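Contents: one structure, followed by commentary.
In our numbering, the protein residues as written are 1259 to 1747.
Put into structure tokens, the structure is as follows:
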């Protein structure tokens, strides 16, 4: 059994610590958790922000709730494998100690710990500096084996810098549980590096003037949003023999996430997301003749929840589709019953999960699904890529990869189309969302794909053509490419 000790200051703990406990309990098999209450341990103070910061940050927030809310740990012990103690006398020999206080006296715990201490190292002064001056903010977990006073960094995760001090603070705290679990599952495979001697709970002298200027710029962004009258829409283009042709879709229409197939009569069919008046997406299809002119358009799948990214493929003598259905908390499979416009729901591949833009590949006798995932606390997520595998594509028995999320990088994590196989090389198509959703296309070559590991290398980028301000889908069919472009209307 895996045993883990959390040290907290009182029976009121921050919600982000509880999220760590909850995720460990849910995602690590055969685990036992002890919560040691010790008033000598320092814990994260309530991060209070003034009303102006609260208001401005709320205009840019990607989070649904507050990770700094306190929870009474006496109310959360439905599971018998979690218990609370008030003295070290009640400790059992455990694998890890997890704490927030770098200067806590861990010597009394040495005889109870096998591997060492994991420190959730939130340096607020460092975070503010990164928010003001850098494109990324650092989530840091430090490690000490209790044999010396030296700490080593085991997880230097760099997350996209959101707009706002409060938003970034909450983002770091929300993500601790994700990367703490990832480390615990892969503890022997993490590289270690020295940790500088920072003051975890004390702020440095950060210029108030710099913070004021930062927030003046954010207020200006809000003002610009209000006065801008332009409308942004996605348009579908097809590139054939080096020439790109835009489909003649209605003015101010929103057509995105195109996938293309060829019919027996030499016509082409493009499946895509079409935005409805209620801002929910439906799956539509257009039939194109050899001149790429629209000869027919039909709604394919229209539900009371959002659908997009109609990943269509041919398998076992029929066409199937895996659209994005995250708003329904499912990953759905549809089957074509009358080609090309009649589709019916077949099954849920996964349930109680919010996956975005799922693509699959068959490799080394397994089916693999790559997707971005939205956590319960998020509205969206473009920087974390997750991987799942199964022996049967059409089953609901999918196992998460041990290194999830396999990629943390807003510049290439989000999928942008189906896999490309060229000259024996497997390439994942993604999009750059570092400075905004759907900047451009990124091509990544898969170098290693096993149940234990994943590795890819970025090989190229495709920028939108002149006159367009973004692109975020690319799919290929022999000498043709279908893509979407963001335009101002």
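We put the beta carbon where it would ideally sit given N, CA and C, even for glycine. Keep in mind it's a predicted model, so treat the numbers as computed, not measured.
How close, in whole Å, do the beta carbons of residue i and residue j come, if the pair is a contact with beta carbons under 8 Å?
{"i": "residue 1543", "j": "residue 1553", "result": "With 8 Å as the limit, residue 1543 and residue 1553 do not qualify as a contact, their Cβ atoms being about 12 Å apart."}
{"i": "residue 1282", "j": "residue 1291", "result": "7 Å"}
{"i": "residue 1613", "j": "residue 1589", "result": "5 Å"}
{"i": "residue 1307", "j": "residue 1423", "result": "7 Å"}
{"i": "residue 1656", "j": "residue 1608", "result": "6 Å"}
{"i": "residue 1271", "j": "residue 1349", "result": "Contact flag wrong, Cβ pair sits at about 18 Å."}
{"i": "residue 1742", "j": "residue 1493", "result": "7 Å"}
{"i": "residue 1663", "j": "residue 1685", "result": "That belief does not hold up - the Cβ atoms of residue 1663 and residue 1685 are roughly 20 Å apart, past 8 Å."}
{"i": "residue 1659", "j": "residue 1712", "result": "7 Å"}
{"i": "residue 1416", "j": "residue 1394", "result": "4 Å"}
In terms of residues, what are the limits of the alpha helix (DSSP H) holding residue i?
{"i": "residue 1516", "result": "Counting along the chain, residue 1516 falls outside any alpha helix (DSSP H), though it belongs to the beta strand (DSSP E) covering 1513 to 1520."}
{"i": "residue 1439", "result": "1423 to 1443"}
{"i": "residue 1660", "result": "Here residue 1660 belongs to no alpha helix (DSSP H), and DSSP marks it neither H nor E."}
{"i": "residue 1313", "result": "1309 to 1316"}
{"i": "residue 1385", "result": "1382 to 1391"}
{"i": "residue 1291", "result": "Taken as a continuous stretch (DSSP letters only), residue 1291 belongs to no alpha helix (DSSP H), being part of the beta strand (DSSP E) at 1289 to 1295."}
{"i": "residue 1274", "result": "1273 to 1285"}
{"i": "residue 1468", "result": "1466 to 1485"}
Please state whether the Cβ-Cβ distance between residue i and residue j is less than 8 Å.
{"i": "residue 1511", "j": "residue 1539", "result": "no"}
{"i": "residue 1359", "j": "residue 1373", "result": "no"}
{"i": "residue 1699", "j": "residue 1732", "result": "yes"}
{"i": "residue 1707", "j": "residue 1626", "result": "yes"}
{"i": "residue 1421", "j": "residue 1318", "result": "yes"}
{"i": "residue 1673", "j": "residue 1629", "result": "yes"}
{"i": "residue 1288", "j": "residue 1312", "result": "no"}
{"i": "residue 1546", "j": "residue 1432", "result": "no"}
{"i": "residue 1744", "j": "residue 1675", "result": "no"}
{"i": "residue 1550", "j": "residue 1503", "result": "yes"}
{"i": "residue 1364", "j": "residue 1302", "result": "no"}
{"i": "residue 1440", "j": "residue 1661", "result": "yes"}
{"i": "residue 1703", "j": "residue 1714", "result": "yes"}
{"i": "residue 1268", "j": "residue 1300", "result": "no"}
{"i": "residue 1524", "j": "residue 1548", "result": "yes"}
{"i": "residue 1559", "j": "residue 1592", "result": "yes"}
{"i": "residue 1326", "j": "residue 1305", "result": "yes"}
Around the Cβ of residue i, are there at least 16 other Cβ atoms within 10 angstroms (buried) or fewer (exposed)?
{"i": "residue 1408", "result": "exposed"}
{"i": "residue 1279", "result": "buried"}
{"i": "residue 1466", "result": "exposed"}
{"i": "residue 1427", "result": "buried"}
{"i": "residue 1356", "result": "buried"}
{"i": "residue 1314", "result": "buried"}
{"i": "residue 1266", "result": "buried"}
{"i": "residue 1603", "result": "exposed"}
{"i": "residue 1483", "result": "exposed"}
{"i": "residue 1516", "result": "buried"}
{"i": "residue 1737", "result": "exposed"}
{"i": "residue 1462", "result": "With a pLDDT of only 44 at residue 1462, under the threshold of 50, the placement of this residue in the model should not be trusted; the figure read from the coordinates follows. Exposed, since its Cβ has fewer than 16 Cβ neighbours within 10 Å."}
{"i": "residue 1341", "result": "exposed"}
{"i": "residue 1429", "result": "buried"}
{"i": "residue 1468", "result": "exposed"}
{"i": "residue 1471", "result": "exposed"}
{"i": "residue 1475", "result": "exposed"}
{"i": "residue 1478", "result": "exposed"}
{"i": "residue 1388", "result": "buried"}
{"i": "residue 1398", "result": "buried"}
{"i": "residue 1495", "result": "buried"}
{"i": "residue 1490", "result": "exposed"}
To which residues does DSSP link residue i through a beta bridge?
{"i": "residue 1531", "result": "1514, 1541"}
{"i": "residue 1559", "result": "1541"}
{"i": "residue 1492", "result": "1744"}
{"i": "residue 1596", "result": "1600"}
{"i": "residue 1728", "result": "1744"}
{"i": "residue 1409", "result": "The partner list for residue 1409 (beta bridge, DSSP) is empty, contrary to what the question assumes."}
{"i": "residue 1628", "result": "1617, 1645"}
{"i": "residue 1590", "result": "1606"}
{"i": "residue 1733", "result": "1740"}
{"i": "residue 1330", "result": "1270"}
{"i": "residue 1321", "result": "1636"}
{"i": "residue 1669", "result": "According to DSSP, residue 1669 bridges with nothing at all."}
{"i": "residue 1679", "result": "1684"}
Starting from residue i, trace the beta strand (DSSP E) in both directions and tell me its first and last residue.
{"i": "residue 1702", "result": "1698 to 1707"}
{"i": "residue 1377", "result": "1371 to 1378"}
{"i": "residue 1352", "result": "1352 to 1357"}
{"i": "residue 1266", "result": "1260 to 1266"}
{"i": "residue 1718", "result": "1712 to 1720"}
{"i": "residue 1503", "result": "1501 to 1504"}
{"i": "residue 1398", "result": "1394 to 1402"}
{"i": "residue 1578", "result": "1576 to 1582"}
{"i": "residue 1687", "result": "1683 to 1690"}
{"i": "residue 1567", "result": "1566 to 1573"}
{"i": "residue 1341", "result": "1340 to 1343"}
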